[in-house]
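Residue numbers (our numbering): 262 to 389.
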């Protein structure tokens with residue numbers, strides 16, 4: 262067995278970074294600067310990963326996301342936290358509409374500005 266066959270992308274598969282931007286590009290673009298866009302990207306990655314779980318695990322993951330969001334943003338109001346969770350739910354819905362078959366967990370994502378364009382790099386693991 263050739264080990265490189267394990268890492269070869271199927272020709273019809275598009276990059277995970279492109280799929281993620283299809284789902285959340287407008288959301289990420291709401292950021293005012295690179296650091297802000299990275300925060301939006303982090304939220305989009307969380308939504309993507311939660312969307313890849315079965316429905317029972319999704320409920321638990323959303324609860325954990327809400328709890329972690331509150332801990333990391335203690336100055337945010339209840340409304341701010343509710344809005345953030347609603348954004349995650351909308352991104353999950355969009356991911357499931359566009360790529361319901363994609364069961365790929367994103368382990369790392371970074372946004373970098375080159376010139377006047379933003380580029381997203383993603384490291385991912387396919388779930389079986």
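C-beta: ideal position from N, C-alpha, C; glycine also.
On a predicted model such as this, the values are computed, not experimentally measured, just so you know.
Supposed contact pair residue j and residue i - C-beta distance, whole angstroms, cut 8 Å
i: residue 292; j: residue 349; result: Rounded, the Cβ-Cβ distance is 16 Å, inconsistent with contact.
i: residue 365; j: residue 387; result: 5 Å
i: residue 278; j: residue 373; result: Not really, about 12 Å apart at Cβ, beyond 8 Å.
i: residue 363; j: residue 276; result: Not quite, the Cβ-Cβ distance comes to about 11 Å (not below 8 Å), so this is no contact.
i: residue 284; j: residue 346; result: No, residue 284 and residue 346 are not in contact; Cβ-Cβ is about 17 Å, not under 8 Å.
Coil, strand or helix - residue i by DSSP
i: residue 308; result: helix
i: residue 276; result: coil
i: residue 364; result: coil
i: residue 290; result: coil
i: residue 379; result: strand
i: residue 266; result: Unreliable positioning characterises residue 266 in this predicted model, as indicated by a pLDDT of 47, which lies under 50. The coordinate reading is nonetheless provided below. If DSSP states are grouped into helix, strand and coil, residue 266 belongs with the helices.
Where the alpha helix (DSSP H) through residue i begins and ends
i: residue 344; result: 339-359
i: residue 333; result: 316-333
Contact set for residue i: own chain, Cβ-Cβ below 7 Å, skip 5 residues either direction
i: residue 393; result: Outside the shown range of the chain (262 to 389) lies residue 393, about which nothing can therefore be said.
i: residue 314; result: 322
i: residue 385; result: 277, 365, 366, 367, 368
Cutoff 8 Å; reference residue i; Cβ partners in own chain excluding five residues on either side
i: residue 341; result: 334
Three or more C-beta pairs under 8 Å: does that hold for the region 304-311 against the region 350-367? Taking a cut-off of 8 Å for Cβ pairs, the region 304-311 and the region 350-367 touch, as three or more such pairs fall below it.
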